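Q: In my numbering, the protein residues as written are 350 to 686.
What follows is a single structure, and I will ask about it in a moment.
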Amino acid sequence: MLLPLDRKLAFLMARPVLSGAAKISRERKADLAVHRGQKAPGPARNARRRRPHGRARREQRLRGCPVFETHLDPKAGWQDRDFGMASIKATEKPAAARKRGASPRAPSRGRGVRRYAALLDATAELLREEAPDAIGLYQIAERADVPPASVYHFFPTKEAAYVALASRCSEELLDVHRTPIEARLIETWQDLYRIDARRAMEFYNSNPPYLKIIYGGYGGVDAHNVDKVLALSFSTSSYDRLNRIFHMPVIREPEKKFEIRLGILDSVWQISVRRHGTITEEYFEESTKAAIAYARLYIPDHLEPREFLLDAARNGGTIELPYDGDDEDASPDDEGD
């Protein structure tokens, strides 16, 4: 129905008056609230998305989901107010960031030790089946058949579980290098290096969970630090291992040079794992060639073997050259040339 002209004008003139009145009313309410010592009313729409509390928050942590707190600009257009996780501007609270890098809480006795081992076994099984990013603490608890609260007690985050698994990897790798070596297989220092490298390669290839954490880049900073400690242990004892069976020359800063040699090997293996998911024979050969070529800058191609090695080779015996062993029982200084 068409309105007369005067009614149309009156309607149009009344619109800004109503809008202004509504605005004044909201401001008046805010002033009254401040005057009474009360909290001023918030905007018409929520400018801050509430984060989950209580049980919902704990379940997010158990599933490995980060807890976000979203802040939306009230002046932004609706195209910027998409609540999808890919488009919102989310900031993680500092406390959550610190917990993400928290260390595992290893027990020392009794039932806790058994439950801790079961959780590590469950983590390793899941890593064999799925990518590390797809695993959460809730899945680890379900696989180990333990209450989720127990998982959270030992591992604040799934990254902490990966750190614990990296520590187990270090211990098992040291056990591998404690295995005796047939003395007849070691004629040069290059032979010993290839034996050590092949043992490590076969160990990692037969344990995909360790391969993903150490060389796949999924373990995080703390797991990488565990590997760095192991690498430093290898580098520190490498000179003494060689000097036990060969007459080694004097090398300045041997720890640094052996650490660089090990770093060359690890870098090539990391490329192989990222491209093929394993350490291939081709990349193994390339890594040993590069590492030995660097070591030749400081070690002569031929080193005189000690009588300790020659006697063991003639008798068809074996020798033990652990990286964390005690050489008091067979010190090369007490043997003849």
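C-beta atoms are modelled at their ideal positions from N, C-alpha and C, and glycine is treated no differently.
Keep in mind it's a predicted model, so treat the numbers as computed, not measured.
1. Could you confirm whether any beta carbon from chain D is found closer than 8 angstroms to the beta carbon of P529?
2. Evaluate the contact criterion for the segment 637 to 648 versus the segment 527 to 535: three or more CB pairs, one atom per stretch, below 8 angstroms.
3. Would you kindly work out how many angstroms separate the C-alpha atoms of L469 and L646, rounded to a whole number?
4. Where does F607 sit, in a helix, a strand or coil, going by DSSP?
5. Going by DSSP, name the residue or residues bridged to A654.
6. Using DSSP with H/G/I as helix, E/B as strand and the rest coil, what is E669?
7. From Y465, S586 and P497, pick the residue whose C-alpha is nearest to that of H526; which is it?
8. Counting only the same chain and skipping the five closest in sequence on each side, list residues whose C-beta sits under 8 angstroms from that of I620.
9. Extract the residue ranges of the alpha helix (DSSP H) inside the segment 473 to 512, only unbroken runs of 4 or more that lie entirely within it.
10. Which residues in the same chain as A471 place their Cβ atom closer than 7 angstroms to its Cβ, once the five residues preceding and following it in sequence are excluded?
11. CA-CA distance, E508 and Y553?
12. Over the uninterrupted alpha helix (DSSP H) stretch that includes S636, give me the two end residues.
13. Decide if A642 is buried, meaning its Cβ has at least 16 other Cβ atoms within 10 Å, or exposed.
14. Along the alpha helix (DSSP H) that carries R543, what are the first and last residues, could you check?
15. Any chance the segment 502 to 522 sits against the segment 566 to 579, with 3 or more Cβ pairs inside 8 angstroms?
16. From the DSSP output, in three-state form, read off E531 for me.
17. Locate the alpha helix (DSSP H) running through P558, then write down its first and last residues.
18. Evaluate N556 with the Cβ neighbour count: other Cβ atoms within 10 Å of its Cβ, from every protein chain shown; 16 or more gives buried, anything less gives exposed.
19. Between the segment 592 to 601 and the segment 645 to 659, do at least 3 Cβ pairs fall closer than 8 angstroms?
20. Would you report the Cα separation of D482 and L560, rounded to the nearest angstrom?
21. Find the nearest neighbour of P601 within the set L611, G612, I613 and Y588, judged by alpha-carbon distance.
A: Here's the rundown:
1. Included in the structure is just one protein chain, with no chain D present.
2. No, because fewer than three Cβ pairs between the segment 637 to 648 and the segment 527 to 535 fall closer than 8 angstroms, the two stretches do not touch.
3. Their backbone Cα atoms lie some 42 angstroms apart in a straight line.
4. F607: helix per DSSP, three-state reduction.
5. Inspection of the sequence shows that residue 654 is occupied by Pro rather than by Ala. Beta-bridge pairing links P654 to F595.
6. Shown here, E669 sits in coil according to DSSP, grouped into three states, outside any helix or strand.
7. H526 has its Cα closest to that of S586, out of Y465, S586 and P497.
8. Hits under 8 angstroms: Y632.
9. With a minimum length of 4 residues, the continuous alpha helix (DSSP H) runs that stay inside the segment 473 to 512 are 486 to 493 and 497 to 503.
10. For A471, where only same-chain residues beyond five positions count, the Cβ hits under 7 angstroms are I489, R492 and A493.
11. Roughly 20 angstroms between the two C-alpha positions.
12. Per DSSP, S636 belongs to the alpha helix (DSSP H) from E630 to A644.
13. Result: exposed.
14. DSSP places R543 inside the alpha helix (DSSP H), whose first and last residues are W538 to N554.
15. Pairwise C-beta distances place the segment 502 to 522 in contact with the segment 566 to 579, as three or more of them are shorter than 8 angstroms.
16. Of the three classes helix, strand and coil, the one that applies to E531 here is strand, per DSSP.
17. Annotation: the continuous alpha helix (DSSP H) that includes P558 extends over P557 to I563.
18. N556 should be labelled buried.
19. By the Cβ rule, the segment 592 to 601 counts as touching the segment 645 to 659, because three or more pairs are nearer than 8 angstroms.
20. Looking at the two C-alpha atoms, the distance is approximately 15 angstroms.
21. For clarity, residue 601 is Arg in the given sequence; the question names Pro instead. R601 has its Cα closest to that of Y588, out of L611, G612, I613 and Y588.
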